[in-house]
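Heads up, the sequence shown is in the numbering used here, so the first residue is 9 and it goes up one at a time. No residue lacks a Cβ here, since even glycine has one placed at the ideal position from N, Cα and C. Everything below concerns the one structure shown next.
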Amino acid sequence: MSAQPTSRQAAVLLAAVILLWGANWPVMKVGLQLIPPLWFAAARVLLGAVCLFALLAALGRIRLPGRADIPVVVSISIFQIGLFLALITIGLQYVDAGRAAILAYTTPLWVVPIAALTLGERPRRAEAAALLLGLTGIGVLFNPQGFDLSDVRAVAGNAMLLAAAMSWAVSIVHIRQHTWHMSPLQLMPWQMLIGGGALAIGAMITEPVSDIRWSADLVLVMAYNGPVASAFCFWAYVTVARRLPAITTALASLGVPVIGVLSSAIALGEPLSLTRVGGLALITSAVALLTFPRRQRN
């Protein structure tokens with residue numbers, strides 16, 4: 009349980025996270041029509057925590073985090089879970105799902121300089137080229153000509169999604185710096201409990217419970233977001249971030265908006281313009297360029 013995965017296992021986990029999180033963007037967009045954003049974020053995280061606590065109880069491995077792991081527990085609770093999910097769920101109300109997925113995953117913009125300064129992870133040539141391709145793809149997809157700057161809510165929503173990306177970048181770098189004493193699986197439910205609790209407090213203060221529209225659709229949305237998109241994906245992502253360099257993890261995560269844009273176009277009928285197709289092609293090329301050299305070295 010505490011052993012790190014091999015590079016191949018980490019790649020499989022990362023691929024699963026990319027697919028599951030990418031497909032979740034249209035699901036979240038639908039969910040926000042049924043439940044306010046902070047309640048949505050709190051419910052999915054606390055459901056995920058319940059699932060992980062149940063798994064650890066069955067395995068007989070529930071333990072309180074040790075003092076040495078408290079800093080990373082707090083960091084992930086705040087930056088990767090609480091703040092990140094609060095910002096994307098609020099911002100997603102004012103931005104279409106495909107665009108939101110792109111903006112939330114501009115994380116490499118912030119991971120690269122932070123990792124270079126704090127971890128000494130200077131990008132190799134292939135990684136630098138992949139970064140350039142990925143960021144160019146995001147630039148193509150984020151077309152200012154099609155964005156109404158006079159729409160205050162849209163501007164605020166886009167700003168929140170970019171801030172979410174910065175928040176996650178801080179978490180990625182700290183995960184790499186931290187010396188782990190307990191496994192991510194053992195720590196994740198505590199992180200989700202703390203992050204979800206903070207989100208629930210924020211929801212109780214700002215969002216009436218009466219605004220929740222109980223329905224079968226809401227049950228399905230939460231069934232996907234709790235056990236799958238929260239419990240499994242957050243654990244898997246932290247596990248991958250321990251094994252792979254911060255820049256590699258962040259760049260590969262650009263696959264999430266690729267799936268997000270495509271799934272939003274299919275499920276919600278969001279336009280898949282030539283601009284978006286071009287951006288998707290650049291991002292896909294970036295992920296491929298990043299992956300092949302790693303596979304050859306392992």
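Burial state of residue i (16 or more Cβ within 10 Å)
i              : result
glycine 68     : exposed
methionine 212 : exposed
alanine 239    : buried
aspartate 225  : exposed
threonine 187  : exposed
leucine 282    : exposed
alanine 65     : exposed
alanine 177    : buried
alanine 18     : buried
aspartate 47   : In the sequence under discussion, the amino acid at residue 47 is tryptophan, which differs from the aspartate named in the question. Counting Cβ neighbours within 10 Å, tryptophan 47 comes out buried, since at least 16 surround it.
proline 216    : exposed
First through last residue of the alpha helix (DSSP H) which encompasses residue i
i                : result
phenylalanine 92 : 91-99
asparagine 32    : 15-39
isoleucine 78    : 78-83
histidine 182    : 160-185
tyrosine 245     : 241-251
isoleucine 267   : 263-276
methionine 230   : 224-231
proline 45       : 45-67
Cβ distance (whole Å) where residue i is taken to contact residue j below 8 Å
i              : j                : result
threonine 214  : alanine 173      : Actually they do not touch by this definition, with Cβ atoms about 23 Å apart.
proline 197    : phenylalanine 61 : 5 Å
methionine 168 : leucine 95       : 4 Å
alanine 134    : leucine 288      : Actually they do not touch by this definition, with Cβ atoms about 20 Å apart.
For residue i, three-class secondary structure by DSSP
i              : result
asparagine 306 : No answer about asparagine 306 holds up, because its pLDDT of 44 lies below 50 and its placement is not dependable.
isoleucine 213 : helix
aspartate 104  : coil
threonine 115  : helix
methionine 127 : The sequence shown places leucine at residue 127, rather than the methionine named in the question. Note: leucine 127 maps to coil in three-state DSSP.
serine 293     : helix
serine 191     : coil
arginine 284   : helix
isoleucine 146 : helix
isoleucine 70  : coil
isoleucine 220 : coil
proline 279    : coil
leucine 42     : coil
arginine 133   : helix
(message) Pairs of beta-carbons, one from the segment 169-185 and one from the segment 77-86, closer than 8 Å: are there three or more?
(response) yes
(message) Using a Cβ distance threshold of 8 Å, determine whether the segment 216-235 contacts the segment 42-62, with at least three qualifying pairs required.
(response) yes
(request) Would you check if the segment 129-143 and the segment 284-300 touch, i.e. whether three or more CB-CB distances between them fall below 8 Å? (result) yes
(message) Any contact between the segment 241-251 and the segment 269-278? By contact I mean 3 or more CB pairs, one from each, below 8 Å.
(response) no
(request) Mind the definition here: the segment 257-270 touches the segment 24-36 only if three or more C-beta pairs lie below 8 Å; say whether that holds. (result) yes
(message) I want to know whether the segment 34-46 touches the segment 91-109 - three or more CB-CB distances under 8 Å.
(response) yes
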